[in-house]
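Note sheet for the following structure.
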Amino acid sequence: MNFELKTLTLSQAAQVAADAFVVLLPDSGLSAADAGPFQQWLDGAIAHKDLEDGAGKCLLAYQLPISRARRVVVARVGDGKPANVRKATAAALGLLKGNKPNTLTLYSGAVGGAGSAENAAATRAAMLAVADSTYVFTTTKPGATPRSLNKVLVAGAGGTGLKAAFDEAVGMVRGIELAKEWANRPANHATPTLLAKAAQQLGKRPRMSVEVLGPREVAKLGMGAFMAVAQGSEEPLRFIVMKYQGGAKNVAPVVLVGKGITFDTGGISLKPAPEMDEMKFDMGGAASVLGTFAALADLQPAINVVGLIPAAENMPDGRAVKPGDVVTSMSGQTIEILNTDAEGRLILCDTLTYAERFKPRAVIDIATLTGACVIALGSVRAGLFSDEEALAQQLQAAGDVALDPCWRMPLDDEYAEGLKSNFADMGNVAGRQAGAVTAAKFLQKFAQKLPWAHLDIAGVAWKSGAAKGATGRPVGLLTQYLLDEARRLAQASTPAKPAKAAKSAKTASAARPGKSRAA
Ligand code: BES
Ligand code: MN
Ligand code: ZN
């Protein structure tokens, strides 16, 4: 699917030959100068209540003399906020589903003033919604009708902000769709080895490099927790290290850590059969890291990013790790594996320790970590856990802007009580209460030397039921955060460099936002 951006008035956009023409209509109306004969037609439709009030309400018209597109959909976007634009665009595309268009003109010029930030944000939201509503997974379904839409002309009101938002949307769509593709693939088509190959493909893009470690290297690193999870599977584990170098060499990177359990049976603590197939999505965190790197490859922001993916299958087997087994993590801390189904934290904890070597400005792990998070927050917001105020705020803000939101959860030390063990430095599970929080408390024990945040995406990474499939979340949030961070970095370096930054030996603490860490 190709997006193209042109500055056009509504009347001009209506004269573009296309299978369909979608007009986003804010409550403030079309601009009079712009609307031409469209306005009169629209006034009639509204007077007859053929176009109802309310964001998401649409009117479909066929072969209007005022448009060269065969079908025209006017979609109300209410106040024009991105969430309403997304809703309206999805509704408009829904009306076109019966005979899917190959070419589409999308007019967003009436939303917000020309050249305004509102207009740019609305256009971006509409583009993301067009992509989301037309996505089709075909890899293991040759009978599926692939996406028919191949050309989307975005007819906008112009301005440099619009061009930037357009480019961001194109990059995000690429990233989201790569994440969907890998998360949707069944486990036999998305093994740790295949995930590593996908990463290596991305490694060919500009400023990217990828290194893949196998069982021998991982053993050498002492990743006893990660290895324990992988030992029950015939599929060898992979530890994927991706680097995007968009900034100067000495600038501390952001590290993204993605849980890459390509299938989670639960191991010896076997999961029940119903819906177990959905555990193919348990590499949604890893997929979001791949997707975010795809977006970085497109957008080329001035920032350094490291992506770390521990990839393995969690299987029951004669060699599988058993409840009660004690393993030594890369950090030296020992763990009593009381439940082999709490495997995500085991592969992440060693990866967090590995992340220390990058002296990162921030480490964000992304994981389909707990069913408890699904109960707590459902599929609307991901769980956000962080003891770094600034980082938490930046991530929450990025999620809100990208319509890929998260919600801050607590990390009080009392929540760690249940992780105590008589046989190791900690157990890998606590009681039934606050399961999403106790999982985060476990991870926090391995992030003591890091400016860390954890996103539990168990509720948002995929949809169940008839619409079963990956969402591509939180690629939008992560990409937005990295673009924001690149902007913050650029701003911090244009005026005279703060003298303090050079004083600390630890570049990480000097360069990163948030609280400074004493000793
Ligand atoms: N991958 C699951 C989490 C999950 C479960 C995500 C259901 C989405 C839907 C994770 O590895 C897991 O099994 N977590 C356990 C932890 C428990 C044993 C403490 C859970 O949530 O049940
Ligand atoms: Mn599990
Ligand atoms: Zn899992």
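Residue 68 in the numbering used here is what sits at position 68 of the sequence shown, and the numbering runs on without skipping anything.
Where a beta carbon is used, it is the ideal one built from N, C-alpha and C, also for glycine.
Expressed to the nearest angstrom, what Euclidean distance is found between the alpha-carbon atoms of residue i and residue j?
{"i": "A486", "j": "W462", "result": "29 Å"}
{"i": "A397", "j": "P405", "result": "8 Å"}
{"i": "A35", "j": "A20", "result": "18 Å"}
{"i": "E235", "j": "L153", "result": "45 Å"}
{"i": "A390", "j": "R68", "result": "50 Å"}
{"i": "D43", "j": "R432", "result": "58 Å"}
{"i": "V380", "j": "L482", "result": "22 Å"}
{"i": "T139", "j": "N422", "result": "48 Å"}
{"i": "R408", "j": "W452", "result": "13 Å"}
{"i": "Y354", "j": "Q448", "result": "13 Å"}
{"i": "K497", "j": "D53", "result": "Residue confidence for K497 is low, a pLDDT of 49 falling below 50, so the modelled location carries little weight; the figure read from the coordinates is stated next. Going from the Cα of K497 to the Cα of D53 covers about 53 Å."}
{"i": "D425", "j": "Q333", "result": "6 Å"}
{"i": "F524", "j": "S331", "result": "This structure cannot settle anything about residue 524, because the visible part of the chain is limited to 1 through 519."}
{"i": "K441", "j": "A416", "result": "6 Å"}
{"i": "S108", "j": "V23", "result": "7 Å"}
{"i": "A18", "j": "Q39", "result": "20 Å"}
{"i": "K204", "j": "A295", "result": "14 Å"}
{"i": "V401", "j": "L95", "result": "27 Å"}
{"i": "D493", "j": "K249", "result": "The sequence given here places Ser at residue 493; Asp does not occur at that position. Distance between the alpha carbons of S493 and K249: 14 Å."}
{"i": "E278", "j": "G472", "result": "15 Å"}
{"i": "E414", "j": "K180", "result": "37 Å"}
{"i": "N208", "j": "A45", "result": "According to the sequence displayed, residue 208 carries Met and not Asn. Distance between the alpha carbons of M208 and A45: 52 Å."}
{"i": "M172", "j": "S288", "result": "11 Å"}
{"i": "D264", "j": "K280", "result": "7 Å"}
{"i": "P101", "j": "K243", "result": "38 Å"}
{"i": "R488", "j": "G247", "result": "13 Å"}
{"i": "F226", "j": "K420", "result": "20 Å"}
{"i": "L119", "j": "V305", "result": "One detail in the question is off: residue 119 reads as Asn in this sequence, not Leu. Spanning the two alpha carbons is a distance of roughly 30 Å."}
{"i": "W41", "j": "F166", "result": "29 Å"}
{"i": "E133", "j": "K57", "result": "Sequence check: residue 133 is Ser here, not Glu. Roughly 16 Å separates the two Cα atoms."}
Do residue j and residue i count as a contact pair if the criterion is CB distance below 8 Å?
{"i": "Y241", "j": "V210", "result": "At residue 241 the sequence reads Val, which differs from the Tyr that was named. Yes."}
{"i": "Y135", "j": "E168", "result": "no"}
{"i": "L270", "j": "P316", "result": "yes"}
{"i": "V475", "j": "T292", "result": "yes"}
{"i": "I366", "j": "L443", "result": "no"}
{"i": "T368", "j": "I457", "result": "yes"}
{"i": "D484", "j": "Q394", "result": "yes"}
{"i": "G258", "j": "D341", "result": "no"}
{"i": "A110", "j": "L5", "result": "no"}
{"i": "V363", "j": "I337", "result": "no"}
{"i": "E59", "j": "D50", "result": "Note that residue 59 is Leu in the sequence shown here, rather than Glu. Closer than 8 Å, so yes."}
{"i": "G285", "j": "T370", "result": "no"}
{"i": "F137", "j": "G469", "result": "yes"}
{"i": "V72", "j": "A55", "result": "no"}
{"i": "A312", "j": "L384", "result": "no"}
With residue i and residue j assumed to form a contact (beta carbons below 8 Å), what rounded beta-carbon distance in angstroms separates them?
{"i": "L348", "j": "D387", "result": "About 16 Å; that fails the 8 Å criterion."}
{"i": "L477", "j": "A125", "result": "Not a contact, Cβ separation roughly 14 Å."}
{"i": "N314", "j": "V229", "result": "6 Å"}
{"i": "L195", "j": "V255", "result": "The Cβ separation is near 18 Å, so there is no contact."}
{"i": "K151", "j": "N2", "result": "5 Å"}
{"i": "L106", "j": "V130", "result": "6 Å"}
{"i": "R86", "j": "L128", "result": "7 Å"}
{"i": "S329", "j": "D350", "result": "6 Å"}
State the beta-bridge partners of residue i as determined by DSSP.
{"i": "P310", "result": "F239"}
{"i": "F3", "result": "V152"}
{"i": "F21", "result": "V72 and T105"}
{"i": "V536", "result": "With the chain running from 1 to 519 in the structure shown, residue 536 is simply not present."}
{"i": "L42", "result": "None, per the DSSP bridge assignment."}
{"i": "P26", "result": "G78"}
{"i": "Y135", "result": "According to DSSP, Y135 bridges with nothing at all."}
{"i": "L60", "result": "V73"}
{"i": "E336", "result": "V326 and G427"}
{"i": "W452", "result": "V363"}
Within the stretch 194-274, ranges of the alpha helix (DSSP H) (whole runs, at least 4 residues): If we require 4 residues or more, the alpha helix (DSSP H) runs fully inside the stretch 194-274 come out as 215-221 and 224-230.
Uninterrupted beta strand (DSSP E) stretches inside the stretch 455-489 (no shorter than 3 residues): none
Any alpha helix (DSSP H) of 4 or more consecutive residues that is wholly inside the stretch 356-395: 371-377
4 or more residues per run - each alpha helix (DSSP H) lying fully within the stretch 405-448: For the stretch 405-448, whole alpha helix (DSSP H) runs of length 4 or above, ordered along the chain, are 435-444.
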